[in-house]
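If you read the sequence shown in this note's numbering, its first letter stands for residue 109, the second for the next number, and so on.
Working notes, beginning with the structure itself.
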Amino acid sequence: MAAAQPPGTPRTLSDEFAIRYYRWSLDDARRELRENFPLLRTVKSSLVIRAIAYLESLADRDRLCGATALVKRSHRRAVELAGDSWGAEDEAIDRDYRNAGRIPRPDEADKLKLDRGQFLSAVKAELTPVLGTGEPFSKPSSTSAPPLTSSRTATRSVRQRRDR
């Protein structure tokens, strides 16, 4: 990261936007905490579910520090430009949050399972127009394309089919 600018130094529009977006993010995080995450709860994403669970696991007095650190981690340049700091406490919260996110939550167990057959069918449906028909992981037959030997060959093969 670049060093913080001295006071009075003109900022670029990009820097000014970064600072304003960062400050808005801090204000919005405080509002979400105050109101018990009404907007975040509408987002059906494991990342959001885990962030809320992490913040709710903290003592009331630590939630604001936790939310602030999570905002800061996504706005490192703006933190520096705004004259804020990223300290040891923020680093510890970030580490704890990342560690907490690696542990599957009981309410996510069913959401994390993948139906392999359905996934493979979807992949085949998407790749058939590009690669043609046949079983890409089976022995070549008279109806399937020859096996690909390298990523360069695969790229060339896809380009040839696309250009036809």
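Even glycine gets a Cβ: it sits at the ideal position worked out from N, Cα and C.
Element boundaries [alpha helix (DSSP H), containing Arg181]: Position 73 of the sequence shown, counted from the start, is the residue given in the question as residue 181. Taken as a continuous stretch (DSSP letters only), the alpha helix (DSSP H) holding Arg181 covers Asp168 to Arg181.
Cβ neighbours of Thr120 in the same chain (closer than 6 Å, five flanking residues each side left out): Locating residue 120 in the sequence shown gives position 12, where the first residue counts as 1. Around Thr120: no qualifying Cβ.
First through last residue of the alpha helix (DSSP H) which encompasses Asp136: On the sequence shown, position 28 is the one that residue 136 refers to. It spans Leu121 to Arg142 - the alpha helix (DSSP H) in which Asp136 sits, taken as one unbroken run.
Contact under 8 Å by Cβ, Ala126 with Ala186: Position 18 of the sequence shown, counted from the first residue, corresponds to residue 126. Position 78 of the sequence shown, counted from the first residue, corresponds to residue 186. It is a contact, given that the beta carbons lie within the stated cut-off.
Which listed residue (Gly225, Asn144, Glu124 and Leu166) has its alpha carbon closest to that of Asp204: For the purposes of this step, residue 204 is taken as the residue at position 96 of the sequence shown. Nearest option by C-alpha distance: Leu166.
Candidates Asp192, Leu148, Arg138 and Leu235: closest to Arg169 by CA position: Numbered from 1 along the sequence shown, position 61 holds the residue referred to as residue 169. Residue Arg138 is the option with its Cα nearest to Arg169.
Alpha-carbon to alpha-carbon, Ser133 and Ser153: The count along the sequence shown starts at 1 and reaches residue 153 at position 45. The count along the sequence shown starts at 1 and reaches residue 133 at position 25. In a straight line, the C-alpha of Ser153 is about 19 Å away from that of Ser133.
Separation of Thr176 from Glu140, as counted between CA atoms: Here residue 140 corresponds to residue number 32 of the sequence shown, with the count starting at 1. Here residue 176 corresponds to residue number 68 of the sequence shown, with the count starting at 1. Computed Cα separation, rounded: 12 Å.
Assigned exposure category for Asp198 - 16 Cβ within 10 Å defines buried: Taking the sequence shown and counting its residues from 1, the one referred to as residue 198 is at position 90. So Asp198 counts as buried.
Buried or exposed (CB count within 10 angstroms, at least 16 for buried), Phe145: The residue you call residue 145 lines up with position 37 of the sequence shown. Classification of Phe145: buried, given that the 10 Å Cβ count is 16 or more.
Element boundaries [alpha helix (DSSP H), containing Ala196]: The residue given as residue 196 occupies position 88 in the sequence shown. Residues Ala196 to Gly209.
Cα-Cα separation, Asp192 to Asp136: Here residue 192 refers to the residue found at position 84 of the sequence shown. Here residue 136 refers to the residue found at position 28 of the sequence shown. Cα-Cα distance, rounded: 17 Å.
DSSP-derived helix/strand/coil call for Lys152: As a position in the sequence shown, residue 152 is number 44, starting the count at 1. Here Lys152 sits in coil by DSSP.
Inter-residue spacing [alpha-carbon to alpha-carbon] between Leu172 and Asp223: Here residue 172 refers to the residue found at position 64 of the sequence shown. Here residue 223 refers to the residue found at position 115 of the sequence shown. Going from the Cα of Leu172 to the Cα of Asp223 covers about 39 Å.
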